[in-house]
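This report concerns only the one structure given below.
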Amino acid sequence: MSTYVAPVKDMLFAMNELAGLQEIVGLPGNEDVSSDLVEAILDEAGKFASEVVDPLNKVGDKQGNKWNNGVVTTADGFKEAYATFCETGWNGMPASTEFGGQGLPVTVSTAVLEMWKSASISFSLCQMLTLGAVEAIAHHGSDELKATFLPNMVSGKWTGTMNLTEPQAGSDLAAIRSKAEPRGDGSYAISGTKIFITWGEHDMAENIIHLVLARLPDAPPGVKGISLFIAPKFLVNADGSLGERNDLICASIEHKMGIHGSATAVMSFGDNGGAIGYLVGEPNRGLEYMFTMMNHARLNVGLEGVGVSERSYQHALAYARERIQGKIIGDKSGEKKPILHHPDVRRMLMDMKSRTEAGRAIAYYVAGCMDRAHSHPDADVRAANQRRLELLTPVVKGWCTENAQGITWNGVQVHGGMGFIEETGAAQYMRDARIITIYEGTTAIQANDLIGRKTAKEGGKSMQQLLADIAETGSALRASGNAQLKAIAEALGDGIAALDEATNWLIANYDANPQAAAAGSVPFLKLTGIVVGGWLMARSAAVAAERLDAADGDFYKAKIATASYFAQHVIPEANSYRDAIVGGAESVLALEEALF
Amino acid sequence: MKILVPVKRVVDYNVKVRVKSDGSGVDTANVKMSMNPFDEIAVEEAVRLKEAGVATEVVAVSCGVGACQETLRTAMAIGADRGILVETDVDLQPLAVAKLLKALCDKEQPQVVICGKQAIDDDANQTGQMLSALMGWPQATFASKVAVSAGKATVTREIDGGLETLEISLPAVVSTDLRLNEPRYATLPNIMKAKKKPLETVKPADLGVDVTPRLTTIKVAEPAKRSAGVMVADVAQLVEKLKNEAKVL
Ligand SMILES: Cc1cc2nc3c(=O)[nH]c(=O)nc-3n(C[C@H](O)[C@H](O)[C@H](O)COP(=O)(O)OP(=O)(O)OC[C@H]3O[C@@H](n4cnc5c(N)ncnc54)[C@H](O)[C@@H]3O)c2cc1C
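Line by line, the protein sequences give chains V and A.
Counting with the numbering used here, you get residues 1 to 596 for the letters of the first sequence.
Counting with the numbering used here, you get residues 1001 to 1249 for the letters of the second sequence.
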């Protein structure tokens, strides 16, 4: 068994060198933040993640949640850990100070959130959903709703959920049928069935605040007729105390492949006349409100990919150092050694490490864009960062979660037969990781967004700007006179060419041949992820090359080796994705339905 | 009432230490450092006494390199009111630390010094005792329970075969054992507040203390590797081996 140790050094490196933490702590509104404070926060959060959250992960997996007549009991230790998590202020950390959060920059909270996700995706989801609901209410709710719900949600006394999905409405939320009827007193009676609701019911908090998408009686059909409501499990009295139980229940919970520690609930609203709900913002704008929160939500799920990958890597590495098996090819000592010495085990570990670090690089970089887009005094800088953030959000979500599949799969492989045995723990990371490419928009939905709204529909301007920035890094590395950096730049050059070609093809074909474009959408997302990951790893290597003589020179030496691995082993995949995109659509679409 | 709590920056208890190849010491480059766990218990105890209204101020002190500031910030995040760093690059031995603490006690006039019973890096278990001798104060070591009232402290200590309860007059030195309390996790607001609490830096020379090491480390070595065990056929063979091979019977 391994214990999670937060990779604070690599986190700080990505924050400082890629996200631009120094600049961010100097932005208006961040006066209370300094880089040594950030380090102290990461150290304490890391300790909490290792000592309190990480040990829950396996218990949650084994015991799961128990449903009994609408009541859900969490696995041993969750309730206590959640209480401490809230008392120590971690729950509300990313929320604004107005409602009791700490208002820290996204870049800082991103690193802390990664730790919770590494330690236990299941546990971390409760906070993630709560904060998503907080954000929606804070942006779109009335002052009264904010005052009633936000302080207790930020503190964690009450948790939040997102009720979007219905049996017939998953990727296509336009198909939502849940209803909301005015009750004449300003509130609404909500009825309908929602499925797959994460942390929809549990015993860790005294109240659960459900955000529900539903249709008003006169609503137009489709996406333009969906409104957003708050429906609390217990109604809240005027004095803030808890009142009657609302007409909503958890009808059952799912048996799942992973994330057993978090209940996935079927929620039934209005079995006895209608659950009382309060409209958030204006009627019929619910989906639009959901979209305003999407950047955060998608960054956070992408971060789950980084987090579970890191955890799986640490677990595999610990085993590879201990498990002795066979002599090592080419080793003159002839001794039997830990499997870490076998070249193929190293290849797997390097693959896990380099993809995880590249994923962290992208996620933190995008977090930095968010902070600048939000707080930079210069409007042009804000706009440029907003464009970059919009472009890369589906990439963070899609690429980091898809990557996590291969990484956690290797995490099992490194263990050999023990990897297949549940007791070892490696398999859980693989099972838990499996959901992350599905919820919060499947990879295909991310890819549709990337090729359509974010690329083709704006003539590829944002993508071309990104490619220009990447090319600039390539030139700098070539000019450096450092052979390792030059080699990285060469590989990156191939990646740039592949992404450039695929982008041009996409723009030329998106309108004329939409099915062909869509057939290459996920390859296009992966191609973008690889090139952007390669770019940020190249930038990391360039910084590291200057610091090899520092006291912590080993870290930088490893960084260059990791970036070189990525350049030699991962970036070349860009070419095959390009080929699949520009020349592969025909075979995807060739079969008539009956021939499948 | 003021409480002074010395805190030491040590290699984190989770780290598997490695001896330097030249045998001159333990490799601390690139290794995670944290507050000595016994000192964390000491800070927690002092902060609890403050929360209970017994103490009015908790001052954390760390002696060592500049990075010990982080350790002081951790103490302040738990609840210490301010920090004093005695900054030096010299490798400090217990007597030097005890002298530095004496100088600070003379200056700060605390009623109680609560320190860890030992640091997990050198396991010396000397500093508290030396400080008490230098100050001429009573000491109660290995505390598993502390109650302070009206110029006295009642301390339950863990001794071989049981517990012993002492009453000592203040000022005094108390050293903490593992079971004294369970330190809290610092809250995020307190981590942020800790950055704004006062932290003063002084040099040993400012305190008139010579910290030159008095002991020379000759060699540091890894513990000998345990050789593989053997299965014995029966009790008779076990007894025979314990007598003749292990020579423990
Ligand atoms: C454990 C778990 C937790 C969840 N938590 C929540 C929650 O808290 N709140 C909530 O509201 N929902 C939640 N969900 C629901 C989740 O968001 C949906 O399952 C997801 O959006 C996919 O919808 P679906 O299951 O209906 O799949 P479908 O939409 O039926 O998709 C099936 C397949 O078709 C593909 N597909 C569908 N449409 C397109 C398209 N336009 N282009 C290309 N391919 C397409 C998909 O990529 C997928 O491969 C959760 C689900 C699970 C399993």
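The beta-carbon is built from N, C-alpha and C at its ideal position, and this holds for glycine as well.
Contact test: TYR439 (chain V) Cβ vs ligand 1 heavy atom, cutoff 7 Å: Stepping through the first sequence from its first residue, residue 439 (chain V) is reached at position 439. Yes; taking the cut-off as 7 Å, the Cβ of TYR439 (chain V) has a heavy atom of ligand 1 nearer than that.
Would the beta-carbon of GLY156 (chain V) fall within 8 Å of that of CYS86 (chain V)? Counting from 1 along the first sequence, the entry for residue 156 (chain V) is found at position 156. Counting from 1 along the first sequence, the entry for residue 86 (chain V) is found at position 86. In contact: GLY156 (chain V) and CYS86 (chain V) (Cβ atoms closer than 8 Å).
How is the beta strand (DSSP E) around PHE269 (chain V) delimited, first residue to last? As a position in the first sequence, residue 269 (chain V) is number 269, starting the count at 1. Start and end: 264 to 269.
Just to confirm my understanding: we take ALA205 (chain V), look at its own chain, exclude 5 residues before and 5 after, and list those with CB closer than 8 Å. What are they? The count along the first sequence starts at 1 and reaches residue 205 (chain V) at position 205. For ALA205 (chain V), where only same-chain residues beyond five positions count, the Cβ hits under 8 Å are TYR82, GLY156, LYS157, TRP158, THR159.
CA-to-CA distance, ASP61 (chain V) to ALA1205 (chain A), given in whole angstroms: Reading the second sequence from its first residue, position 205 is the one you call residue 1205 (chain A). Reading the first sequence from its first residue, position 61 is the one you call residue 61 (chain V). Those two C-alpha atoms are separated by around 57 Å.
Tell me, please, whether the CB atom of ALA1186 (chain A) is closer than 8 Å to any CB atom in chain V? As a working note, residue 1186 (chain A) is residue 186 in the second sequence. Answer yes: the Cβ-Cβ gap between ALA1186 (chain A) and chain V drops below 8 Å somewhere.
May I ask you to check if the CB of SER548 (chain V) is nearer than 7 Å to at least one heavy atom of ligand 1? One-based indexing of the first sequence puts residue 548 (chain V) at position 548. Rather than Ser, the amino acid found at residue 548 (chain V) in this sequence is Leu. No, ligand 1 has no heavy atom inside 7 Å of this Cβ.
Can you pull the chain A residues whose beta carbon is under 8 Å from the beta carbon of ALA597 (chain V), in chain order? Given a span of 1 to 596 for chain V in the structure shown, any question on residue 597 (chain V) remains unanswerable.
Could you give the residue range of the beta strand (DSSP E) that holds GLY1083 (chain A)? For the purposes of this step, residue 1083 (chain A) is taken as residue 83 along the second sequence, with counting starting at 1. Per DSSP, GLY1083 (chain A) belongs to the beta strand (DSSP E) from 1082 to 1087.
For ligand 1, any of its heavy atoms closer than 7 Å to the Cβ of LYS1196 (chain A)? Stepping through the second sequence from its first residue, residue 1196 (chain A) is reached at position 196. Because no heavy atom of ligand 1 lies under 7 Å away, the Cβ of LYS1196 (chain A) does not count as near it: no.
I'd like to know if ASN1030 (chain A) contacts chain V, where contact means its C-beta is closer than 8 Å to some C-beta of that chain. Residue numbering aside, residue 1030 (chain A) sits at position 30 when the second sequence is read from its first letter. Chain V contact via Cβ: present.
Tell me the DSSP secondary structure of HIS210 (chain V) in three-state form. Walking along the first sequence from the start, residue 210 (chain V) turns up at place 210. If DSSP states are grouped into helix, strand and coil, HIS210 (chain V) belongs with the strands.
Please give the ranges of any alpha helix (DSSP H) in the segment 241 to 304 of chain V, keeping only runs that are unbroken, at least 4 residues long and fully inside the region. 286 to 292
So which of V:ASP552, V:LEU595, V:HIS569, V:ALA585 has the shortest CA-CA distance to ASP1027 (chain A)? On the second sequence, residue 1027 (chain A) is found 27 positions in, with the first residue counted as 1. Checked all of V:ASP552, V:LEU595, V:HIS569, V:ALA585; the closest Cα to ASP1027 (chain A) is V:ASP552.
From which residue to which residue does the alpha helix (DSSP H) around TRP116 (chain V) run? Translated into the one-based positions of the first sequence, residue 116 (chain V) becomes position 116. Element bounds for TRP116 (chain V): 106 to 119.
In whole angstroms, what separates the C-alpha of ARG598 (chain V) from that of VAL134 (chain V)? Because chain V is modelled from 1 through 596, residue 598 (chain V) falls outside the range shown and cannot be assessed.
From this set, V:HIS260, V:PRO220, V:GLN386, V:VAL412, which residue's C-alpha is nearest ASP432 (chain V)'s C-alpha? Mapped onto the first sequence, residue 432 (chain V) falls at position 432. Comparing Cα positions, the closest option is V:HIS260.
Interface partners of ASN1181 (chain A) on chain V, CB under 9 Å: Mapped onto the second sequence, residue 1181 (chain A) falls at position 181. In chain order: nothing, as chain V lies at least about 16 Å away.
Can we count ASN163 (chain V) as close to ligand 1, meaning its CB is less than 7 Å from some heavy atom? As a first step, residue 163 (chain V) is located in the first sequence; it is residue number 163 there, counting from the start. Yes, the Cβ of ASN163 (chain V) comes within 7 Å of a heavy atom of ligand 1.
Compare the Cα-Cα distances from ARG215 (chain V) to each of V:PRO151, V:SER187, V:ILE176, V:ASP185 and report the closest residue. Position 215 of the first sequence, counted from the start, is the residue given in the question as residue 215 (chain V). The shortest C-alpha separation from ARG215 (chain V) is found at V:ILE176.
Is the beta carbon of ARG1018 (chain A) closer than 8 Å to that of ALA1067 (chain A)? By one-based count along the second sequence, residue 1067 (chain A) stands at place 67. By one-based count along the second sequence, residue 1018 (chain A) stands at place 18. Cβ atoms of ALA1067 (chain A) and ARG1018 (chain A): not closer than 8 Å.
Contact between the segment 433 to 453 of chain V and the segment 470 to 480 of chain V: three or more CB pairs below 8 Å? no
Beta-carbon neighbours of ASN1014 (chain A), restricted to chain V and to distances below 9 Å: For the purposes of this step, residue 1014 (chain A) is taken as the residue at position 14 of the second sequence. The answer, in chain order, is THR3, VAL5, SER50.
Which same chain residues end up closer than 7 Å to LYS117 (chain V) when comparing Cβ atoms and leaving out the 5 residues on each side of it in sequence? Within the first sequence, residue 117 (chain V) is the residue found at index 117, counting from 1. Closer than 7 Å at Cβ, skipping near neighbours: SER124, LEU303, GLU304, GLY307, VAL308.
When burial is assigned at 16 or more other CB atoms within 10 Å of the CB, is HIS166 (chain V) buried or exposed? Reading the first sequence from its first residue, position 166 is the one you call residue 166 (chain V). In the sequence under discussion, the amino acid at residue 166 (chain V) is Glu, which differs from the His named in the question. Buried, since its Cβ has 16 or more Cβ neighbours within 10 Å.
Give every residue of the same chain whose Cβ lies closer than 6 Å to the Cβ of ILE339 (chain V), excluding the five residues on either side of it in the sequence, and list them in chain order. Here residue 339 (chain V) refers to the residue found at position 339 when the first sequence is read from its first residue. ALA320, ARG323, GLN325, VAL345, listed in sequence order.
Assuming contact is defined by CB atoms lying nearer than 8 Å, are HIS342 (chain V) and ILE362 (chain V) in contact in what I supplied? For this step, residue 342 (chain V) is matched to residue 342 along the first sequence. For this step, residue 362 (chain V) is matched to residue 362 along the first sequence. Cβ distance not < 8 Å, so HIS342 (chain V) and ILE362 (chain V) don't count as in contact.
Helix, strand or coil at TRP67 (chain V) [DSSP, three-state]: Position 67 of the first sequence, counted from the start, is the residue given in the question as residue 67 (chain V). Strand.
With hydrogens ignored, establish whether the beta-carbon of ALA444 (chain V) is closer than 7 Å to any heavy atom of ligand 1. Within the first sequence, the letter at position 444 stands for residue 444 (chain V). For ligand 1, at least one heavy atom lies less than 7 Å from the Cβ of ALA444 (chain V).
Output needed for GLY70 (chain V): all residues of its chain with C-beta closer than 8 Å, excluding positions within five of it in sequence on either side, in chain order. Start at 1 with the first residue of the first sequence, and residue 70 (chain V) comes out as number 70. Hits under 8 Å: GLU201, ILE249, CYS250, ALA251.
Pairs of beta-carbons, one from the segment 1129 to 1138 of chain A and one from the segment 580 to 590 of chain V, closer than 8 Å: are there three or more? no
Spell out whether any CB of chain A is found under 8 Å from the CB atom of TRP116 (chain V). Position 116 of the first sequence, counted from the start, is the residue given in the question as residue 116 (chain V). Chain A contact via Cβ: absent.
LEU389 (chain V), buried or exposed, once every other Cβ within 10 Å from all chains shown has been counted against 16: Within the first sequence, the letter at position 389 stands for residue 389 (chain V). Buried, since its Cβ has 16 or more Cβ neighbours within 10 Å.
Would you decide whether ARG183 (chain V) is buried or exposed? Buried here means 16 or more other CB atoms lie within 10 Å of its CB. Locating residue 183 (chain V) in the first sequence gives position 183, where the first residue counts as 1. It is exposed - the Cβ of ARG183 (chain V) has fewer than 16 other Cβ atoms within 10 Å.
Beta strand (DSSP E) segment containing ASN410 (chain V), residue limits: Along the first sequence, one-based indexing puts residue 410 (chain V) at 410. Careful: ASN410 (chain V) lies outside any beta strand (DSSP E), inside the alpha helix (DSSP H) at 379 to 414.
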